[in-house]
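Engineer: Structure below; questions to follow.
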Amino acid sequence: MSRMDFCEWWIQRVMKCVTSTSFSLVLNGERHEEFRLSRGLRQGDLLSHFLFLFISNIFSWIIEKHVDSSQLDGFKIKNRCPLLSHLMFADDCLMFSTADQRNCETILKVLEEFQKMTGQTINIPKSSVFFSPNLSDNLKSCLLSILGFDLMEEGSLYLGLPTIWGRSKKKGSKIHNGTSSRQTQGVES
449 MSRMDFCEWW
459 IQRVMKCVTS
469 TSFSLVLNGE
479 RHEEFRLSRG
489 LRQGDLLSHF
499 LFLFISNIFS
509 WIIEKHVDSS
519 QLDGFKIKNR
529 CPLLSHLMFA
539 DDCLMFSTAD
549 QRNCETILKV
559 LEEFQKMTGQ
569 TINIPKSSVF
579 FSPNLSDNLK
589 SCLLSILGFD
599 LMEEGSLYLG
609 LPTIWGRSKK
619 KGSKIHNGTS
629 SRQTQGVES
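Position in the sequence shown (first residue = 1) + 448 = the numbering used here.
Structure representation (structure tokens):
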């Protein structure tokens, strides 16, 4: 928070909320000595949502910094559209770049910088990469070895929807409508 120019008073207040909570366990009807968490918040703590937004903002800022300095490429959907480098949803981040060694190494730098700044770690086994079908298998293998991520195969799902369905808007609409109707089946009004 200090890197986001929050005043020291505010940072101390937030940290007091994070570090001052104590717990005790009752085992077999006997209450045991209180203890404090060494780090983190309790699940469901109202403050955790705000802290998560700060952390997400830091990650987005790091990505944008590398894009602005031309170390990381994004892409444009159309010529007049802004550059798209990443999308964030809940606790997921989708990053977009050119499939080359420089961009893959920069992605790793972004992740490393984020980890150093926040103390958070990236779950590499849950991370994956998708390449254009136009990319050669040799280049895919090379880039996968740099990143250390799994390859997301065509037909993979994200939030229950296919990650890729091509250019067909009708097919995309059918997929979305089919998923929506399956999710609402059994719900009575």
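Glycine included, C-beta positions come from ideal geometry on N, C-alpha and C.
Are there 16 or more other CB atoms within 10 angstroms of the CB of Leu595, so buried, or fewer, so exposed?
Structural biologist: buried
Engineer: By the 10 Å Cβ neighbour count, where 16 or more other Cβ atoms means buried, how is Ser533 classified, buried or exposed?
Structural biologist: buried
Engineer: Excluding the 5 residues flanking Ile572 on each side, which residues of the same chain have their C-beta closer than 8 Å to its C-beta?
Structural biologist: Gly596 and Phe597
Engineer: Between Leu587 and Thr569, what straight-line distance do the alpha-carbon atoms span, to the nearest angstrom?
Structural biologist: 27 Å
Engineer: On the DSSP bridge list, what partners appear for His534?
Structural biologist: Met543
Engineer: At which residues does the alpha helix (DSSP H) containing Ile594 begin and terminate?
Structural biologist: Start and end: Asp585 to Leu595.
Engineer: Give me whichever residues DSSP pairs with Val462 in a beta bridge.
Structural biologist: Paired residue(s): none; Val462 is not in a bridge.
Engineer: If you draw a straight line from the C-alpha of Gly567 to the C-alpha of Leu559, how long is it?
Structural biologist: 11 Å
Engineer: Assuming the contact rule is C-beta atoms closer than 8 Å, Phe544 and Ile510 should be a hit. Round their C-beta distance to whole Å, please.
Structural biologist: Rounded, the Cβ-Cβ distance is 15 Å, inconsistent with contact.
Engineer: Name the DSSP beta bridge partners of Pro610, please?
Structural biologist: For Pro610, which the question treats as bridged, DSSP gives the partners Leu605.
Engineer: Start and end of the alpha helix (DSSP H) containing Thr566?
Structural biologist: Gln549 to Thr566
Engineer: Per DSSP, which residues does Leu499 bridge with? Please list them.
Structural biologist: According to DSSP, which records beta bridges pairwise, Leu499 is partnered with nothing at all.
Engineer: Pick out whichever of Trp458, Ser518 and Val462 has its Cα sitting closest to the Cα of Ser496.
Structural biologist: Val462
Engineer: Secondary structure at Ser517, three-state DSSP: helix, strand or coil?
Structural biologist: coil
Engineer: For Gly582, does the count of other Cβ atoms within 10 angstroms reach 16, so buried, or fall short, so exposed?
Structural biologist: First, the amino acid is wrong: residue 582 is Asn here, not Gly. Exposed, by the Cβ-count rule.
Engineer: List the DSSP bridge partners of Glu478.
Structural biologist: Leu475
Engineer: If you measure between the beta carbons of Gln519 and Thr554, is that distance less than 8 Å?
Structural biologist: yes
Engineer: Against chain D, with Cβ distances strictly below 8 Å, would Leu520 count as a contact?
Structural biologist: Within the model displayed, chain D is absent; a lone protein chain is all it includes.
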